[in-house]
Amino acid sequence: MGSQTVTQFTYLRLKPDVKPEDPNNEAGQQFLQVLRTAKLQSGYQNSSWGRTVEDPNNIVWVVDWADARGAARTNEIHKFQDTSTEMITFYVSLSPSLAETDLLTKNPVTELVGLAFPSDMTPDEQKKVHFDLIAFRTALLEKMDEHLRPVSWSMGHVSRPGTVDHANSPSGKALLHMLAVGWESVDAHKNAKETQVYWEVIKPLREKMLPPPKGLEMRHAKLTKI
Numbered sequence: 004m005g006s007q008t009v010t011q012f013t014y015l016r017l018k019p020d021v022k023p024e025d026p027n028n029e030a031g032q033q034f035l036q037v038l039r040t041a042k043l044q045s046g047y048q049n050s051s052w053g054r055t056v057e058d059p060n061n062i063v064w065v066v067d068w069a070d071a072r073g074a075a076r077t078n079e080i081h082k083f084q085d086t087s088t089e090m091i092t093f094y095v096s097l098s099p100s101l102a103e104t105d106l107l108t109k110n111p112v113t114e115l116v117g118l119a120f121p122s123d124m125t126p127d128e129q130k131k132v133h134f135d136l137i138a139f140r141t142a143l144l145e146k147m148d149e150h151l152r153p154v155s156w157s158m159g160h161v162s163r164p165g166t167v168d169h170a171n172s173p174s175g176k177a178l179l180h181m182l183a184v185g186w187e188s189v190d191a192h193k194n195a196k197e198t199q200v201y202w203e204v205i206k207p208l209r210e211k212m213l214p215p216p217k218g219l220e221m222r223h224a225k226l227t228k229i
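For the sequence shown, this note's numbering assigns the number 4 to the initial residue and increments by one for each residue that follows.
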């Protein structure tokens, strides 16, 4: 079932001399080979990688798995990693699922953002956040002027880890909702954020939202199929 598919996101910072785009860069090609080993694992469906627009040394690696048992091994990545920044891995059940599509690699640029909410929300508060997220998606895809709309939208709650440490949360923990939104460009996203439609529909979410956890701040990436 499509609803069981899980997407693994890994954020890391590459050493400056690791250049996967350069066929003649030995370290870069070794890094890509490590990413390709995920294809040999049971349940593998799809994967992509890319540099972030905000900081090209920051990398996003995305792997789709048939179910929650899937997990790409990240141990061999460490030798290519700039260890001044911690590698972060998390798992999301996205809706709609990306597993059997090339959606991420077709997007001109993809916004990736983890929205944090207090872990001690009541069931009613959690339900409201869920409905507010759906309203957010609907408004941007259907009510915004056509030339400003996203080109794709997928979202879901982060299932592993179930919560993250968060100093601003009353419980000390936060739940995360992941958004993977395709845009024509970073500027197109910025322009959409300046519209009244955007401001009105995100307001209820911002009332409950916590600042993004360290390392999970919004980023944009152009992703390439592996």
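All C-beta atoms, glycine included, are put in the ideal place defined by N, C-alpha and C. All values derive from a computational prediction rather than experimental measurement.
- A straight-line Cα-Cα distance of about 17 angstroms links proline 126 and serine 162.
- In this model, proline 207 and alanine 30 are separated by some 46 angstroms (Cα to Cα).
- For histidine 223, no alpha helix (DSSP H) run applies; the uninterrupted beta strand (DSSP E) run containing it begins and ends at 222-224, by DSSP.
- Burial of glutamate 114 is indicated by the presence of at least 16 other C-beta atoms within 10 angstroms of its C-beta.
- If one requires a minimum length of 3 residues, no beta strand (DSSP E) run lies completely within the segment 178-223.
- Annotation for glutamine 11: the continuous beta strand (DSSP E) segment containing it runs 9-16.
- As for any beta strand (DSSP E) of minimum length 3 sitting wholly inside the segment 40-95, the runs are 47-54, 61-68, 91-95, ordered along the chain.
- Short of 6 angstroms from the beta carbon of phenylalanine 93, and not among the five residues preceding or following it, lie these beta carbons of its own chain, in chain order: Phe12, Val161.
- By the Cβ rule, the segment 51-70 counts as touching the segment 215-224, because three or more pairs are nearer than 8 angstroms.
- With the rule of 3 Cβ pairs closer than 8 angstroms, the segment 36-50 does not count as touching the segment 189-207.
- Non-local C-beta neighbours of alanine 195 in its own chain, meaning closer than 8 angstroms and more than five positions away in sequence, comprise Leu143, Met147, Leu151, Arg152, Pro153, Trp186, Tyr201, ordered along the chain.
- Residue environment for glutamine 48: buried (at least 16 other C-beta atoms within 10 angstroms of its C-beta).
- In this chain, proline 121 is not harboured by any alpha helix (DSSP H); it is covered by the beta strand (DSSP E) spanning 112-121.
- For isoleucine 205 against phenylalanine 120, the beta-carbon gap comes to about 14 angstroms, at or over 8 angstroms, which does not count as contact.
- Of Ile229, Lys217, Lys228, the smallest CA-CA separation from glutamate 89 is found for Lys217.
- Under the three-state reduction of DSSP, valine 167 is assigned to strand.
- Two segments are said to touch when three or more pairs of C-beta atoms, one from each, lie closer than 8 angstroms; by this definition the segment 98-118 does not touch the segment 76-85.
- When only Cα atoms are considered, proline 215 and leucine 182 end up about 13 angstroms apart.
- Taking C-beta atoms as the reference points, alanine 75 and serine 50 count as a pair closer than 9 angstroms.
- Between serine 98 and serine 157, the gap from beta carbon to beta carbon is short of 9 angstroms.
- For isoleucine 229, there is no enclosing alpha helix (DSSP H), as DSSP marks it with neither H nor E.
- By alpha-carbon distance to leucine 178, the top candidate from Gly46, Val65, Ser122, Asn61 is Ser122.
- Between the alpha carbons of threonine 8 and leucine 38 lies a gap of roughly 19 angstroms.
- Taking 8 angstroms as the upper bound for CB-CB distance, valine 65 and threonine 10 are in contact here, some 6 angstroms apart.
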